[in-house]
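Each remark here refers to the structure printed beneath this line.
Chains as they are written, first to last, in the working numbering: chain U, 1148 to 1630; chain H, 1447 to 1942.
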């Protein structure tokens, strides 16, 4: 009897956990540590479930939900991301604002939505999961109620997000109109017989879907919300928004486009759109990041650029492209969280996120400065850190694609990554060369320290142990999905 | 399996790095001792390796080959032949000299030596790697610490002209080097796929060169990537600023080995793997080489900061290397190889002395000096010696290299060689001008000098000066080793 639930056991346990935290709040538990501890222990306890799901290929709810290697992969990644955010939030919440218990349970609901999204094999399930991701995130962004910037961030995120959702839904309706079904399996069959010249509606559908997803992964030109939201939202929430929905968005693009619309009749359309998004994201992300004075805004733009690199590999539409994108999402998550974590600790007292806050960090807190160095250099793609291996795969995947266009795009991406080094180094320059404005050492609490240590280890280990990336490649190949 | 010399040569600096990081920041003497011993052992290993290289047999020796990531053809694959054996030796000698010179560093000693050793390990890795992936990884490993070395321990420009801030110089250097690295990465991806071999192994890529039409495109990409490192005009602007702003030891590494990574890369990767592309493009790049020689020399004549003079002289001398490669005759290629070694030692010596000069007088501007020969005879003597080596005095290593390049290239590019000889004349002018302004003439009373070279300060310069004389008198020590590799490359080159 219980076996039936194995494929959705992650989702079940996370929702149980989320409701448990809500109940704790209702029953008057006021200690922040209890909430976080229950959440962290609960999340860690879900991890052994992976054992049962490994190598499983299951379809549930009449084809609306699939569980395969990629889904498990992303689900585990989301659990880790949520864990890290819990660890960071513990210290941050203490200082920042009066505690409200729903914070942690909302994070868990987002996690639930992310897990459902990467398993959705039906456009409607997908839409519902995306909404489940977004709605708690809107609230979380505005969580710092007394802070105007936070409220503004929440509102802006909500309005633009709702707009994007509407376009996405409109896209779904177009696809449904052409295919006659919302299931991905039906899309695969229909795409093979399609003639886009005769029915341009599908074209509009694809554009609608990619617009909605482009918003979620903050690919340019749908990126406008991200710097403002990052700047205004509480830092742990900004960190969460900067990695989790992007990873989910990439997973959705893989499942919806690379796997379901691989037929040569429709493929050129979305490949071209992905390339366009990629080129714009790289350019706008990197160039706009240069003048930023605020670290969160800079990371927002850098994240836009990073997504550009990933989209380039996805546009190649090969197994290696998928594998490299998946690998990149792991290291991007850990690296970005590492950078945000350092920011959280350094600016915990005054809440500013200006880059000048880092002045003299190498003297005030050498360990934090080292962590900042590791994460920013990894983002810039410097060996022997994870970022280099990741970018190397992305470029390898894109270059492998036969077209000359792709080779030129790889050149462009490499030039962009040189540009990106400039602004990452700008931050390190402040941290290492400038005299400290404030002589006091930065206290590193245990939980954040642990989280940062995890991030740092991941950045280094993924960088120097290529066999780990082989593992990711194997997962992709064992997914049993034909391309 | 043979004794893994090359792994030890890369590993010992890394071990030293770890030991240094584990020390406390205030145990300065302990850190210096570790650094000194580590670099000395590394140098010994390099010398052993060079002496044990069997030049009768030629080819690649001390090969280590471990599969690392077979899925994409990445292997930990080291080896030396006639081209990189001298460069590994050069790095070993300079590593020791740099450590000796760095004993005067007082601030943040631990980080300083840790970063310097990271650079050294990276450079060794680049020279020894036979796999493009590791080549690039080591390249980046060596370049990133330079940013911090310059930014923290560097100095601003002195003397007249445009002001150059050390942070500006550090950023410029690293962006240029990364741009070069990026182009090399792109070229490596090109070789990986276009060869159809799906490997980064240079031995295999050499056997299965990519189609000639692709070589025409990939060759300039890789060539320019390396030429940026080698300081080829018009991509040289990072070089004077970066070299001059760097702390003494890093200036020595930059001029001594980093530029050589560019020259070596051109020989090994660009020309070695793409002979057809080289056949077409090298004639064009020969023109850049002569511009390098003349333009670098003319710029050096105008400089008022002693380190800038040396830096521009590097630009000029690297032109000779590129000219030697472009000519592609056995003699010229030998000369290029010799010039890389010789220039590495000579320029490093000049930078070391300029560093000491700055320490003793607290200025680098030429106008503040005058008649210092009386006060610091030892420093003056070695400086004059190094200057003469740099301008190509017979009997010293610089002369042998220049002669070989010019003789070898004359048949191919007569006009360029004749112009190049003017470059030598200009070199004599700017070197003698600098020597005369600093050490001779009436004593500048305003110039405060704190004393001549003492004790440990002598170690670095004396070792380097000895090497210059040794290879000047016995060039065959080096040419015997390079010869088989040169002939092998030329034979694969065919066409010329």
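Ideal Cβ positions, reconstructed from N, Cα and C, are used throughout, including at glycine. Predicted model only: the values in this text are computed from it and were never measured.
- Residue burial is scored here from C-beta neighbours: residue 1529 of chain U has at least 16 other C-beta atoms within 10 angstroms and is therefore classed as buried.
- CA-CA distance, residue 1824 of chain H to residue 1917 of chain H, rounds to 22 angstroms.
- In this structure, the straight-line span from the alpha carbon of residue 1318 of chain U to that of residue 1304 of chain U is close to 21 angstroms.
- With respect to the C-alpha of residue 1406 of chain U, the residue from U:1351, U:1558, U:1583 and U:1339 having the closest C-alpha is U:1339.
- At a cut-off of 7 angstroms, the C-beta of residue 1583 of chain H has a neighbouring C-beta in chain U.
- With a threshold of 16 other beta carbon atoms within 10 Å, residue 1158 of chain U meets it and is buried.
- For the stretch 1517-1547 of chain H, the residues whose beta carbon sits under 7 angstroms from a beta carbon of chain U are, in order, 1517, 1518 and 1520.
- For residue 1342 of chain U, the three-state secondary structure derived from DSSP is coil.
- In the structure shown, residue 1808 of chain H falls within a coil segment according to DSSP collapsed to helix, strand and coil.
- The shortest CA-to-CA distance from residue 1732 of chain H to any of H:1776, H:1688 and H:1679 is the one to H:1679.
- For residue 1506 of chain H, no beta strand (DSSP E) segment is defined, and its DSSP state is neither H nor E.
- Contact check for residue 1519 of chain U against residue 1442 of chain U fails: the beta carbons are separated by 7 angstroms or more.
- Residue 1198 of chain U is classed as exposed because its beta carbon has fewer than 16 other beta carbons within 10 Å across all chains shown.
- Residue 1214 of chain U carries a strand assignment under DSSP once its states are collapsed to helix, strand and coil.
- Close partners of residue 1628 of chain H in chain U (Cβ separation under 7 angstroms): 1561, 1562, 1564 and 1565.
- Annotation: residue 1878 of chain H to residue 1912 of chain H spans about 22 angstroms, alpha carbon to alpha carbon.
- In this structure, DSSP gives residue 1647 of chain H an extended state, which the three-state scheme calls strand.
- If you ignore the 5 residues before and after residue 1456 of chain H, its C-beta comes within less than 7 angstroms of the C-beta of 1567, 1570, 1571 and 1574, all in its own chain and listed in chain order.
- Across the stretch 1584-1596 of chain H, CB contacts with chain U closer than 7 angstroms involve 1586, 1587, 1590, 1593 and 1594, in sequence order along the chain.
- Taking the CA atoms as reference points, residue 1804 of chain H sits about 15 angstroms from residue 1881 of chain H.
- Within chain H, the C-beta atoms nearer than 8 angstroms to that of residue 1529 of chain U come from 1586 and 1590, in chain order.
- Taking C-beta separations shorter than 7 angstroms and ignoring five residues to either side along the sequence, the partners of residue 1867 of chain H in its chain run 1852, following chain order.
- Under the DSSP assignment, residue 1588 of chain U falls outside any beta strand (DSSP E); it carries neither an H nor an E label.
- Straight-line spacing of the CA atoms in residue 1729 of chain H and residue 1635 of chain H works out to 25 angstroms.
- Within the stretch 1542-1554 of chain U, the residues whose Cβ lies closer than 7 angstroms to some Cβ of chain H are 1542, 1543, 1546 and 1547, listed in chain order.
- In this structure, the beta-carbon distance from residue 1740 of chain H to residue 1646 of chain H does not fall below 7 angstroms.
- Residue 1201 of chain U carries a coil assignment under DSSP once its states are collapsed to helix, strand and coil.
- The secondary-structure analysis by DSSP pairs residue 1512 of chain H across a beta bridge with H:1522.
- In the three-state reduction of the DSSP assignment, residue 1494 of chain U falls in the coil class, being assigned neither a helical nor a strand state.
- Cβ contact annotation for residue 1540 of chain U (same chain, cutoff 8 angstroms, sequence separation greater than five): 1460, 1467, 1470, 1471, 1474, 1475 and 1616, in chain order.
- Ranked by Cα distance from residue 1494 of chain U, the options U:1194, U:1381 and U:1307 are led by U:1381.
- The alpha-carbon separation between residue 1755 of chain H and residue 1562 of chain H amounts to approximately 24 angstroms.
- For residue 1370 of chain U, the number of other beta carbons within 10 angstroms of its own is at least 16, and it is reported as buried.
- Residue-level contact check: residue 1474 of chain U does not touch chain H, since none of the beta carbons of chain H fall below 7 angstroms from its beta carbon.
- At least 7 angstroms separates the beta-carbon of residue 1833 of chain H from that of residue 1889 of chain H.
- Note: residue 1330 of chain U is bridge-paired with U:1269 in the DSSP secondary-structure output.
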